[in-house]
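Just so you know, the sequence shown maps onto residues 0 to 186 in numbering that gives the first Met the number 0.
First up is the structure itself, then whatever we jot down about it.
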Amino acid sequence: MSPALPTPRLETERLRLRPVADADADALFELHSSPHVLRYWDSPPWTERSRVDRFLRTCRALEQEGTGVRLVVERASDGAFLGWCTVQEWNREFRSASLGYCLAEAAWGKGYATEAAAALLTWAFQELDLHRVQAEVDTRNGASARVLEKLGFTREGTLREDCIVNGVVSDSWVYGLLRREWAAGFS
Ligand SMILES: CC(C)(COP(=O)(O)OP(=O)(O)OC[C@H]1O[C@@H](n2cnc3c(N)ncnc32)[C@H](O)[C@@H]1OP(=O)(O)O)[C@@H](O)C(=O)NCCC(=O)NCCS
C-alpha cells in the first residue's frame, strides 16, 4: 500500500478548503440528496442516510491509502458549507489523477467551483508532482465543462454511452490538463 496522504488545508481569496469532517454529515446529505444538483452525476441522488457514512469512509480511505484527497469548500467570510472537491485516483507511476467537484445550488454562478479547483490543482501539481489531471463530465453538463475550460483543460474525446443512471444512458466528455499547460497558464 502507498504511504498515507494527509489532506491539506488551502485558502483562496473567498474560500477555505479543508478536510471533510463528521460534522459535515447533514450538509453532505442535503447536497447529495438533491435530484437537481445530481442531475448529471454518475449515480442517483442519495435516499439513505447510510450513504453519508460511506462517503466519510471513502474520504478516510483516500487519505490512508494515499490515493487522493477530498476537501470541503466553505466560504471564508462566514464558514458556510458550499460543497466539496477532490483529486483522486492518484497514480504515482503515471503521475496522474482525476478532478471532481460538487457544489450546492445556492453557491452556483459565482466562480466558486473554478476558484476551489484552481487552488486544488495548484496544490496537486506541486505536492503530488502530477503530470496530468483528467476529468470526465456528462455532455449535458455545460457548467462543469465550462469550469474545466476556464481552468485550461482540453476536451480530448467522448465516451459514448458511458453512464446509465436510473435507465438514462448518457455520453461523457474526457478532459485533460497537462502539467506544462497548467504551468503556462495558471501557476
Ligand atoms: C458544475 C458546478 C461545479 C459549477 O459550479 P459554479 O461554482 O457555478 O462554477 P463557476 O461559477 O466557477 O463557473 C461556471 C461557468 O459555467 C457557465 N455556465 C453555467 N451554466 C451553464 C450551462 N448550462 N452551459 C454552459 N455554461 C454554463 C457559467 O456562466 C460560468 O462560466 P463564466 O464564468 O464564463 O460565466 C456546479 O454547477 C455543481 O456543483 N453542479 C452539480 C454537481 C456537478 O455536476 N459536478 C460536476 C460533475 S462533472
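For every residue, glycine included, the Cβ atom is placed at its ideal position computed from N, Cα and C.
The structure presented is a predicted model; accordingly, all values stated were derived computationally and were not measured.
Between which two residues does the alpha helix (DSSP H) harbouring residue i extend?
{"i": "E148", "result": "G141 to K149"}
{"i": "D137", "result": "No alpha helix (DSSP H) contains D137, which is instead part of the beta strand (DSSP E) from R131 to D137."}
{"i": "L61", "result": "S49 to E64"}
{"i": "L127", "result": "Neither: L127 is in no alpha helix (DSSP H) and is coded neither H nor E."}
{"i": "D25", "result": "A24 to H31"}
Give me whichever residues DSSP pairs with residue i in a beta bridge.
{"i": "Y100", "result": "C84"}
{"i": "D77", "result": "For D77, which the question treats as bridged, DSSP gives no partner whatsoever."}
{"i": "V72", "result": "L16 and G82"}
{"i": "L9", "result": "L16"}
{"i": "L177", "result": "R131"}
{"i": "S1", "result": "DSSP, once it has assigned bridges, lists no residue as partnering S1."}
Specify, as a first and last residue, the run of the beta strand (DSSP E) that residue i falls within.
{"i": "R159", "result": "T153 to V164"}
Is residue i helix, strand or coil by DSSP?
{"i": "W172", "result": "strand"}
{"i": "S186", "result": "Per-residue confidence for S186 stands at a pLDDT of 49, beneath the threshold of 50, marking its modelled position as unreliable; the derived number appears in the next sentence. Of the three classes helix, strand and coil, the one that applies to S186 here is coil, per DSSP."}
{"i": "V167", "result": "strand"}
{"i": "W89", "result": "strand"}
{"i": "T46", "result": "coil"}
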